[in-house]
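Letter by letter, the sequence shown follows residues 911 to 1324 in this note's numbering. Even glycine gets a Cβ: it sits at the ideal position worked out from N, Cα and C.
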Amino acid sequence: LAFAARTTFRALPSPCTEMGNASDCCVRRDDPDGLGDRPSATRCESWHSLPEIDERWTFFDDQEGPEAGDTDGGASSSSKEAPTVTVPDAALLRQGKSSRRAPLEKRGTWIPLKDESSVFGRRRSSFCKEKRSGNSVSGIPSEDERANVAKLQEEVRRIWSDRQKHLDANLKALLSDGFFELDEWTDERTCSRMLGAVQGDEPTATQMLVKAIECRVLYRELFETLHCQVFCDIRIIGRDSEHRPVVYMCARNQNRPVKDIIPQLLVAFEAAVEISESDGGTGHIAFIADMHHFAPGMNMDVAAIKELGGVAGTVFADRFAWILFVDFSWLAQGMWSLCKPLMSERTQKKINFVSVAKAEQLAKETLAPATRQRVLSSFDINRDARTSDAEREVHARRTSICDVPIGIPRIADV
C-alpha cells in the first residue's frame, strides 16, 4: 500500500436533496472537520490502541499456515490442517491448482475441500453452497417462484446460445477455456436472487443476469484468484449486528485513478460474499464508503465508473443489505449520478448519505461491538492530519478480518 494524503474539501452550506435517503453530509457544520462530539484524546486513542482481531479469514497459503509440500498439512495436536499447495502462477487454475484456498480459513482452522474433483473455475466448495442455499429464510421457494426461475434460466441460456455464434475476439478466447459461468450463474439460487433484486421483473432480471455472466467471464481470473494490486484502503473490516461482512473504504487513501481500484473493490465484495453468515444463506454484505478527502481528479473516468456500476449492479445484485456513504460532498455527486442508473431501485433504497457524526451514531446501532470500534478508529485516523501513509497502512491491515484484498498484518505491524 502507498496511501496518499489529499486536500481537505469543505461541505456545501445547504443540503443536497437529490442524493438519496439522507444527505446531511452536505450541510455546513459547526465542527469544520465533521468529527462529532467525541473528545480529541479519545479519537487519538481509538487508533493507537486496538484490541486483537476477533476473527480472521485467510484465502491464501502465502500469508500463513503450513509450508507447501507438507503432506500432513502441518497438523498439530490441537488442530487438524488440510494439505495445501502453493502455486504462484494463476494460469495453473486450469489444472485445478492455486495458492488460493477454497473455501477459506477462519481463526486458525483450515477447512479442506469437500469435493476434490476440481476443474477450472470450480473453486467454491460445497461449504459455500450449503451456506447460501436458497434466497428465502426457509430456503424453500414457492411453485410460482420455481416457475419464474425456470423461465429465467431458459431465456438466459437461449440468449447466450445465440450470442456464442457472434462473439468478439476477447470473449471467444476466454470461452475457449470453457463456459462454467453459464451453469453456475443460472442455478436456482442465483436466478432467484436476480428476480428478487428487481421485484420479479423477468425482462430486467434477464438483462441483469446476461450482463452478470458476461462480467464473470471478463473478470474470470480476478474472481478466481482474488489477486489484485492495492491502490486504496479497501478492506473487510468486520460484521454488522446481523453477522454480515462489512466492506470499508476511505477516499483519503486512494492513490490511483478509479479505473485501477475497481479490481480491489470487486475482490473485496467477492470475498465478503463468501464469508457472509447472513440469515437464510443470502450472502448479504454491507459497505461503508468514507468519502473524506475525496479526490475528484482521480474519479473522472466516466467509462470506468460505468463499468464499476455495471459489475456491482449485476454480479452483486441484491447482495448489499445496506450502503453508507460518509461525508459525501458535492464534488462526488457526479460519480454518484453515473452509478445510480446502473443500480436497481431496490439497491438504491438501501443507500444512505450521512455526515461522519451521524455515521458514528449508526455504527453504534448497526455494527457488532468489535467492528464498531474498528470503524470509529478508521474514521479517526483518516481525519487526523498528523498521521502518515505508513501509519494508515498499518492500521488498515490491523483492522481487516480477511487477507483479501490488502493482506494480513506483518509481524512488525502487530
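query                                                                                                                         : result
Stretch-stretch touch, CB-based, cutoff 8 Å, three pairs: the region 1215 to 1235 with the region 1247 to 1259                : yes
Inter-stretch contact at 8 Å, needing at least 3 Cβ pairs: the region 1251 to 1269 / the region 1223 to 1230                  : yes
Cβ pair Arg1302, His1202 closer than 7 Å                                                                                      : no
Status (buried if at least 16 other CB within 10 Å, exposed otherwise) for Gln1174                                            : buried
C-beta atoms of Ser1102 and Arg1154 nearer than 7 Å                                                                           : no
Met1159, DSSP secondary structure in three states                                                                             : strand
Residues that DSSP places opposite Gly1148 in a beta bridge                                                                   : Val1156
Residue closest to Ser1071, alpha-carbon to alpha-carbon, out of Glu1124, Asn1209, Pro1113                                    : Glu1124
Whether Ile1215 touches Ala1178 by CB criterion (7 Å)                                                                         : no
Trp1232: first and last residue of the uninterrupted beta strand (DSSP E) it sits in                                          : 1230 to 1236
Asp1200 to Cys1312 span [Cα, whole Å]                                                                                         : 19 Å
Asn1292 - containing alpha helix (DSSP H), residue span                                                                       : 1279 to 1293
Segment contact, 8 Å Cβ cut-off, at least three pairs: the region 1109 to 1119 with the region 1149 to 1165                   : no
First through last residue of the beta strand (DSSP E) which encompasses Trp967                                               : 967 to 970
Contact under 7 Å by Cβ, Asp1211 with Lys1169                                                                                 : yes
Contact belief for Glu1270 with Leu1252 at Cβ below 8 Å, rounded distance in angstroms                                        : That pair is no contact at about 30 Å.
Beta-carbon contacts of Ala1278 that lie in its chain and below 7 Å, excluding the five residues immediately before and after : Gly1148, Arg1149, Asp1150, Ser1151
Same chain, Cβ closer than 7 Å to Asp964, neighbours up to 5 away in sequence not counted                                     : Ala1280
Close Cβ partners of Arg1284 (< 6 Å) along its chain, the five nearest in sequence each way excluded                          : Ile1147, Gly1148, Thr1309
When Ala1196, Leu1085, Leu1176 are compared against Phe1235, the one with the closest alpha-carbon                            : Ala1196
Distance, Ser1265 Cα to Phe1238 Cα                                                                                            : 8 Å
CB of Val1140 within 7 Å of CB of Ile1316, strictly                                                                           : yes
Rounded C-alpha distance that separates Phe1133 from Asp1290                                                                  : 32 Å
Residues bridged to His1195 (per DSSP)                                                                                        : It should be noted that the sequence gives Ile, not His, for residue 1195. Bridge partners of Ile1195: Phe1230.
For Ile1261, three-class secondary structure by DSSP                                                                          : strand
Coil, strand or helix - Cys1312 by DSSP                                                                                       : strand
Trp1070, enclosing alpha helix (DSSP H) - first and last residue                                                              : 1053 to 1073
CB-CB length for Asn1058 against Gly1110, believed under 8 Å                                                                  : 7 Å
Rounded C-alpha distance that separates Ser1186 from Arg1130                                                                  : 21 Å
DSSP-derived helix/strand/coil call for Asp1143                                                                               : strand
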